[in-house]
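For the sequence shown, the working numbering assigns the number 23 to the initial residue and increments by one for each residue that follows. The C-beta atom is built at its ideal place from N, Cα and C for all residues, glycine as well. Below is one structure, written out as structure tokens; comments come after it.
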Amino acid sequence: MNTRRLFGPGAAALFLTACAGPDTNFHSEIPGFAERVWVGPEYYANRLQDWRIRGGRIESVEGSAAKPVRTLHLLTRSLSEDPGTVHMRVRTAPLVEGPRHEDTWSGFLLGAGGSHVDFRITALTHHWPSTDGGLIVALDGTGRIVVRDNSVNQGFVGPDPSIPVDAWPLIQPTTEEHGADLPTEAVLEARATPEADGYLLRVTVTDPESGDRLAESTYAGVPPEQLSGGVALVSHRSPDLRGPGYWFQNWELSGSKVERHDDRAFGPVMGALYTVSQG
């Protein structure tokens, strides 16, 4: 267990604890008393001001159409190019309620970049799809499990509030089982295992209290290159189309495909600060 003590002028000491075993397993543990914008040294937020910790949760406070895909990258872990298993799990729910629609989701980004891409560049993956963008595995605003391709570069050159949801093509499941009315708060889980023709990706949604399985989708033949590289939490837009996005709790990552990189903490840059005086 790694515990870091953070000091600030005129402020009490804050503790951020990230639990990790002696191997590559990861479990986020956000202290209940902490409330701040910067999530911690193990993470890189896009953008810094769009994420915070509060009440033991990680929250994405930006959900506008102009900045649709917010990501929180886990710097100290990545998915190896070698064959292996992956298991990721998180508890999630929207910060605000809204109409049920497909152009909003919360979940994971898997396999952004890879060993051929500097991890600091990979950590900037957000907003719109592009080459080596990975897979989005999520629960959308209609209560449906979705896996979307984040690597189809359609020539976006700048912030565009009209980016259509089709910019992230849906990958059709091999099998699909869904309950009638899924709750807005749930546990999302993704497991990937290698097979002869690629990977079998199994995505489940369970009730956070009872543990009952509410939905499950499988995806056969996932190309290996889509499951190597960086990993992140993803909050896409707001359920009410204008407010904040989603919160996350108890993010877990394990498996033989997971690599550990403690030396990457603090990432591309810790932060930037500027002031404006008299205009």
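Please go through the same chain and pick out, in chain order, the residues whose beta-carbon is closer than 6 Å to the beta-carbon of glutamate 103, but skip the five residues on each side of it. Answer for glutamate 103: Ser137, Ser250, listed in chain order.
Is it the case that the Cβ atoms of serine 128 and threonine 114 are separated by a distance below 7 Å? Yes, Cβ-Cβ distance for serine 128 and threonine 114 is below 7 Å.
Give the DSSP-derived three-state secondary structure of threonine 303 in the structure shown. Shown here, the chain extends from 23 to 301; a query on residue 303 therefore has no answer.
Of the residues Lys279, Leu263, Ala287, which one's Cα is nearest the Cα of alanine 87? Considering only Lys279, Leu263, Ala287, the residue with the shortest C-alpha distance to alanine 87 is Leu263.
Through-space distance from leucine 97 to aspartate 285, alpha-carbon basis: Roughly 9 Å separates the two Cα atoms.
Could you check if isoleucine 167 is buried or exposed, using at least 16 other CB atoms within 10 Å of its CB as the buried criterion? Taking all protein chains in view, the Cβ of isoleucine 167 is crowded by 16 or more other Cβ atoms within 10 Å, so the residue is classified as buried.
To the nearest angstrom, report how far apart glutamine 194 and threonine 46 are at their CA atoms. Inter-residue distance for glutamine 194 and threonine 46 is about 31 Å (C-alpha atoms, whole angstroms).
On the DSSP bridge list, what partners appear for leucine 94? Beta-bridge pairing links leucine 94 to Ala67, Leu255.
Spatially closest choice to leucine 157 from Gly165, Val169, Gly78, His148, by CA coordinates: When each option's Cα is compared against that of leucine 157, the closest is Val169.
Can you check the region 196-264 for any beta strand (DSSP E) of at least 3 residues that lies completely inside it and give the ranges in chain order? List check, beta strand (DSSP E) in window: 197-200, 208-217, 220-228, 235-244, 252-258.
DSSP on aspartate 162, reduced to helix/strand/coil? DSSP places aspartate 162 within a strand segment (E or B) once states are collapsed to three.
How would you call valine 159, buried or exposed, if buried means at least 16 neighbouring beta carbons within 10 angstroms? Valine 159 is buried by the Cβ-count criterion.
Pairwise C-alpha distance: arginine 224 and glutamate 274: If you take the alpha carbons of glutamate 274 and arginine 224, they lie about 16 Å apart.
When you compare the region 232-241 with the region 200-218, are there three or more beta-carbon pairs, one atom per stretch, that lie closer than 8 Å? Three or more pairs of CB atoms, one per stretch, sit closer than 8 Å, so the region 232-241 contacts the region 200-218.
How would you label threonine 93, buried or exposed, when you count the other beta carbons within 10 angstroms and need 16 or more for buried? The C-beta of threonine 93 has 16 or more other C-beta atoms within 10 Å across all chains shown, which makes the residue buried.
Valine 169 by DSSP, collapsed to three states: which one? Note: valine 169 maps to strand in three-state DSSP.
Proximity of alanine 254 and histidine 95 at Cβ, strictly below 7 Å: In this structure, histidine 95 lies closer than 7 Å to alanine 254 by Cβ.
Does the distance from the C-beta atom of glutamate 64 to that of aspartate 72 stay below 7 Å? It is not a contact, given that the beta carbons lie outside the stated cut-off.
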